[in-house]
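Written below as structure tokens is the structure these notes are about.
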Ligand SMILES: [Zn+2]
């Protein structure tokens, strides 16, 4: 997978960016997660910009991956990284565009994807018609923060309470929300009960890039946050949705690019491989649940054994044991 990544990116990015990507992959394996977040929160971490395709760029190193779409109308982000990384993220965005930040889309509620909301939004401004923005004091001085309403609810429930400026300002509750920005159709697609209960995929139709949040995290096993409404079946449905959206180029490489929640830039073939892994393990554990096996018996049967060299972890936030437990509990829940 790593060799493929180098080949994939070297056609379009300088060597430094390629090395950065590989370093992120390796570092990601080592530090997959702290409590409630899936990346190490290291204020000294370096932030890097990787051109993806069309109007879309990827910022790595700030927590979860950040997607940047930039053009004449300004800048749009998918996710915001950790709070303490906001100054470095702002500096990285400026290397792409000097125009104002207009939108932040949150793929879900976790702090490694939403922590920068307030600080980044304050650097921007909404697009308001006529004199509207000038007639009120606050409105107009920050970028809009868009998310599914479950993200806003989960963040509002958090203890200690988050400041008001951290919360999404523009929520949706339907199957999708659409934007047209910088000459590009952008679809925000709700994925019920996947990584959490508020996940969105973001599809940039002209640039041909999908930003997945933590539904797809090729640095480790999928994270099913049962406490926040995630489920393994919903997560697999959502991986299949990503595969529906993506179209590969020649020899099944390239074409639509996929920006995962954590880890390197991917394409459809990577998502297919990951979906297959998740499906095979789900089916094995589902069989065990049907046979009435306990969690301990399922663990002892090692349902992930053949995939552990690629995705397994014995330390960090999301160990193989926790993944097996989450899948087991997800499949044992009464419907
Ligand atoms: Zn997450």
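Numbering (the numbering used here), first residue to last: -6 to 328. Quick reminder that beta carbons are idealized off the backbone N, C-alpha and C, glycines included. Since we're looking at a predicted model, the values are computed, not measured.
Near ligand 1: residue i beta-carbon under 7 Å from a heavy atom
{"i": "residue 53", "result": "no"}
{"i": "residue 207", "result": "yes"}
{"i": "residue 141", "result": "no"}
{"i": "residue 254", "result": "yes"}
{"i": "residue 216", "result": "yes"}
{"i": "residue 106", "result": "yes"}
{"i": "residue 41", "result": "no"}
Supposed close pair residue i, residue j - CB separation, criterion 8 Å
{"i": "residue 203", "j": "residue 235", "result": "6 Å"}
{"i": "residue 84", "j": "residue 97", "result": "17 Å between Cβ atoms; not a contact."}
{"i": "residue 120", "j": "residue 66", "result": "7 Å"}
{"i": "residue 159", "j": "residue 111", "result": "5 Å"}
Reduced DSSP secondary structure (H/G/I, E/B, other) of residue i
{"i": "residue 330", "result": "Because the chain in this structure spans residues -6 to 328, residue 330 falls outside the shown range and cannot be described."}
{"i": "residue 309", "result": "coil"}
{"i": "residue 73", "result": "coil"}
{"i": "residue 324", "result": "helix"}
{"i": "residue 319", "result": "helix"}
{"i": "residue 169", "result": "strand"}
{"i": "residue 151", "result": "coil"}
{"i": "residue 209", "result": "coil"}
{"i": "residue 241", "result": "coil"}
{"i": "residue 314", "result": "helix"}
{"i": "residue 92", "result": "coil"}
{"i": "residue 130", "result": "Unreliable placement is indicated for residue 130, whose pLDDT of 49 sits below 50; no coordinate value is reported for it."}
{"i": "residue 381", "result": "Given a span of -6 to 328 for the chain in the structure shown, any question on residue 381 remains unanswerable."}
{"i": "residue 137", "result": "strand"}
Proximal residues to residue i (C-beta, below 6 Å), its chain only, five neighbours per side dropped
{"i": "residue 225", "result": "217, 275, 320, 323"}
{"i": "residue 316", "result": "214"}
{"i": "residue 149", "result": "none"}
{"i": "residue 262", "result": "245"}
{"i": "residue 50", "result": "42, 44, 61, 89"}
{"i": "residue 142", "result": "164, 166"}
{"i": "residue 54", "result": "38, 39, 40, 41"}
{"i": "residue 170", "result": "181"}
{"i": "residue 297", "result": "274, 313"}
Close-in-space but distant-in-sequence residues of the same chain around residue i (CB under 7 Å, 5 per side omitted)
{"i": "residue 294", "result": "281"}
{"i": "residue 284", "result": "none"}
{"i": "residue 163", "result": "137, 138, 139"}
{"i": "residue 264", "result": "209, 232, 235, 236, 239, 251"}
{"i": "residue 267", "result": "209, 211, 232"}
Nonlocal neighbours in the same chain, by C-beta distance under 8 Å from residue i, ignoring five residues either side
{"i": "residue 168", "result": "182, 183"}
{"i": "residue 248", "result": "201, 239, 240, 241, 242, 260, 261"}
Practice task
Please determine if the stretch 251 to 258 and the stretch 206 to 215 are in contact, where contact requires at least 3 C-beta pairs separated by less than 8 Å.
Solution key: yes
Practice task
Pair every Cβ in the stretch 101 to 115 with every Cβ in the stretch 60 to 77, then say whether three or more of these pairs are closer than 8 Å.
Solution key: yes
Problem - At least three beta-carbon pairs within less than 8 Å, the stretch 180 to 194 to the stretch 271 to 291 - result: At 8 Å Cβ cutoff, the stretches do not touch.
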